[in-house]
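In my numbering, the protein residues as written are -3 to 791.
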RNA sequence: GGGCCCGUAGUUGAGUGGCUAAAACGCCUGUCUUACACACAGGAGAUCCGGAGUUCGAUUCUCCGCGGGCCCACCA
């Protein structure tokens, strides 16, 4: 017999049990079933599984469990995105910067395994139905092979190239980065009005406003607006930079903002993106302003000084010689590296690129071929693609990552690639595949590693066996569903669609399921620094895993940002308790019952069966559309209100009575509806449903059972209306008792129901329920012309 | 400046071209009725942001405001 609900005990019991029996193994049962392949996110192992990740994986797991029960052969793999700055930063912090390349990598691996272990424990506790036999690490040899092979293929297709180009650069990390890794922050800076010598200008001085005086030595031109009357006559002349005394041309360009500063701009290579555009547009020379650690270069006496401190020094020197006209405060937005939160510079640098420009339509077409849930989220990707300006710089001057698998000729730039069977390679230390280049030059091994998104953008290919197992690949690729947080649509989704489509000609997934960000009760994205952070383990401790999982579905419609409210969790927990107690009732009510369907059901039985089958239909449709909110609220409402509040009350008199056909009808119906409801709830509340299912119904796991089918013959609107009328009558009886200060189980002497003839006819069929549920000795019916049924009651 | 999303009871939030616009939390009044007080029964509470238009009819569709969020562009 069921005791009190103890979620802790149930969680421990089933987690241990499930681990032994590999319930979620892909291909375990029947290879012929249709494949449902989830291209799961490989999270970066930071050690904690935060509430945002919880939401993400709950969505995935709802989908996985639902489809498994529906009869799909579900492949729910789990990868780990191991490489990258954050690990290096942590390892640097712990061991310092003096480790050798190999030693450093080893420490990174150790750290990664520690963190993965901790997250895995939490994922298992959350009951995510991952098939751990399909676990992969981006640090594995096979993964390196696949990534390097993908780059070789793209190089052969001329989609990868090596070039010197201005790139976003993090001087702190000493590496190239991309726009997607940049974030912005507002700050106050100083706008300096500097005096340039200019013979053609008034008093021989041209005033230029700049926030970056430290780049003065890299100034290659001065720009004005072509329609600016003040400076029209200066175009074509030259000006001389202060301090460095370099003569630079004065050029007209319509992109100059006449209103800003003095309407004159100095172009430095490279202060910001506009400088890059102007430099190329007007074929200006390039002066490399700083080195890769952000120390000045080509700046004479200032060489070697770090960029952040030299600014002060140069302004002082300018002021000392009277070259600063004035200074103003200015609100500015600066770009920071998202990993280290330090300012980003633009640096001219020899890097590897993946071509993005020219493939925009291909990516948009691929995105259009997929079903997005919700639909409008596709637009985020389209907008990002439309805003692309440069190709993707994929090389990073770091250590912990997949080596870029190329050697290049130091004389002519020719690129040598390794053979497939030599992969994975590390050109930083391996011998080049060819001794000498045709031009006679020797090959230099690339020392850079790949941007982490190069690794993670082939997950659907890798899991499908690409490029090593063609048969497997054809069976699995493309993946069925890609779960995707809104914040990484422009990285993970975009790069995956781009790369996989170019590599195979086939878009990598059929469906994209978007989850929003998890916010604290203040409506802001959850973060430790804001103090609006709630950890999954605290939620589990105060409520339960099943309650936390239900919260994920309850917290809003798919794709929307989800605010964490304790009230949702606590409601979910109350619901579990309700379900538990209802099950206790059913268990006791059905003691000794054989379980065969009786020949005749009462109208109230037909009523709940009709409601139940309607629910099955709705829930199935909702889950096919990934509308978890709609599904969970419908199930909860059905169980709580239709099943518990109404049906259980309707049948108590039969259940407590002696063994008759009517009692068996109630027993069969109770079991049928509860068993089905547990199945519908199983994806959301795997622990409690498993416990109840195993106690009451079957030895087989509920998670391996078949999803309920909606049986049309049970849908009966007529019966639903009659019983709805019955419940109104019962409600009137309760109201009467409440207003007369009577206990609900008090027996009334008589009730007289007045209603139109047709309604009376129907109500006569439930006369027994009116008497027994309402506890009334005698019920009589009186016809009336029209209107809602009325009830006259006497004590 | 551009794109997308959103504005519904005190709070949170579904939803719909037309039935008394869900529900949860909170609030008020009763009740420990043999599954459940993590409950039950009953109740109060919404000019569905403002304005105009389309329509027989709009909270729902269109446009214009106002307010909020996200993304992008600009930031010398």
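Think of the CB as a built atom: it goes at the ideal place given N, C-alpha and C, for glycine as much as any other residue. Nothing here was measured: the structure is a model prediction, and the numbers come from that model.
I'd like to know whether the C-beta atoms of residue i and residue j end up nearer to each other than 8 Å.
| i | j | result |
| --- | --- | --- |
| residue 139 | residue 476 | no |
| residue 511 | residue 481 | yes |
| residue 856 | residue 331 | The displayed coordinates of the chain run from -3 to 791. Any statement about residue 856 would go beyond what the structure contains. |
| residue 81 | residue 335 | yes |
| residue 634 | residue 554 | no |
| residue 108 | residue 41 | yes |
| residue 494 | residue 359 | yes |
| residue 559 | residue 496 | no |
| residue 785 | residue 762 | no |
| residue 788 | residue 747 | yes |
| residue 283 | residue 216 | yes |
| residue 664 | residue 783 | no |
Which residues in the same chain as residue i place their Cβ atom closer than 8 Å to its Cβ, once the five residues preceding and following it in sequence are excluded?
| i | result |
| --- | --- |
| residue 207 | 185, 186, 187, 188, 326, 328 |
| residue 832 | The question about residue 832 has no answer here: the residues shown for the chain are numbered -3 through 791. |
| residue 222 | 228, 231, 248, 249, 250 |
| residue 133 | 75, 76, 78, 108, 112, 139 |
| residue 657 | 594, 595, 596 |
| residue 345 | 160, 161, 162, 163, 165, 172, 288 |
Residues in its own chain within less than 6 Å of residue i by CB, not counting five upstream and five downstream?
| i | result |
| --- | --- |
| residue 182 | 329 |
| residue 860 | Residue 860 lies beyond the range of the chain shown here (-3 to 791); nothing can be said about it. |
| residue 619 | 62, 627 |
| residue 274 | 263 |
| residue 449 | 487, 491 |
| residue 478 | 35, 505, 508 |
| residue 578 | 640 |
| residue 66 | 703 |
Buried or exposed: where does residue i fall if 16 or more other Cβ atoms within 10 Å of its Cβ makes it buried?
| i | result |
| --- | --- |
| residue 408 | exposed |
| residue 28 | exposed |
| residue 532 | buried |
| residue 806 | Any question about residue 806 goes unanswered here, given that the chain covers just -3 to 791. |
| residue 622 | buried |
| residue 308 | exposed |
| residue 447 | buried |
| residue 165 | buried |
| residue 770 | buried |
| residue 455 | buried |
| residue 550 | buried |
| residue 64 | buried |
| residue 3 | buried |
| residue 562 | exposed |
| residue 441 | buried |
| residue 642 | buried |
| residue 685 | buried |
| residue 100 | buried |
| residue 687 | buried |
| residue 723 | buried |
What does DSSP give as the partner residue(s) for residue i in the beta ladder?
| i | result |
| --- | --- |
| residue 183 | 328 |
| residue 164 | 173, 342 |
| residue 252 | In DSSP, residue 252 forms no bridge with anything. |
| residue 547 | Answer is none; residue 547 lacks a bridge partner. |
| residue 158 | 348 |
| residue 475 | 505 |
| residue 438 | 432 |
| residue 511 | 481 |
| residue 390 | Per DSSP, none; premise fails for residue 390. |
| residue 206 | 188 |
So, for residue i: in the same chain, excluding its five sequence neighbours on each side, which residues have a beta-carbon less than 7 Å away from its beta-carbon?
| i | result |
| --- | --- |
| residue 176 | 486, 487 |
| residue 235 | 192, 193, 194, 202, 218, 244, 246 |
| residue 114 | 43 |
| residue 171 | 392, 393, 394 |
| residue 365 | 503 |
| residue 606 | 710, 711, 712, 715, 716 |
Worksheet item: Which runs of the beta strand (DSSP E) fall wholly inside the stretch 13 to 92 and span at least 3 residues, in chain order?
Response: As far as the stretch 13 to 92 is concerned, its whole beta strand (DSSP E) runs of at least 3 residues are 31 to 33, 69 to 71, 74 to 76.
Worksheet entry | Unbroken stretches of the beta strand (DSSP E), 3 residues or longer, contained in the stretch 327 to 388 | Taken in chain order, the unbroken stretches of beta strand (DSSP E) that lie wholly in the stretch 327 to 388 and span 3 residues or more are 341 to 350, 367 to 369.
Item to complete: Could you tell me which uninterrupted beta strand (DSSP E) segments, each at least 3 residues in length, are contained entirely in the stretch 697 to 765, listed from first to last along the chain?
Response: The qualifying runs are 744 to 751.
Fill in: Contained alpha helix (DSSP H) runs [length at least 4] in the stretch 115 to 144, N- to C-terminal order
Listed in chain order, there is nothing to give.
Worksheet item: What residue ranges within the stretch 211 to 288 form continuous alpha helix (DSSP H) runs of no fewer than 4 residues, ordered along the chain?
Response: Counting only runs of 4 or more, we get 269 to 277.
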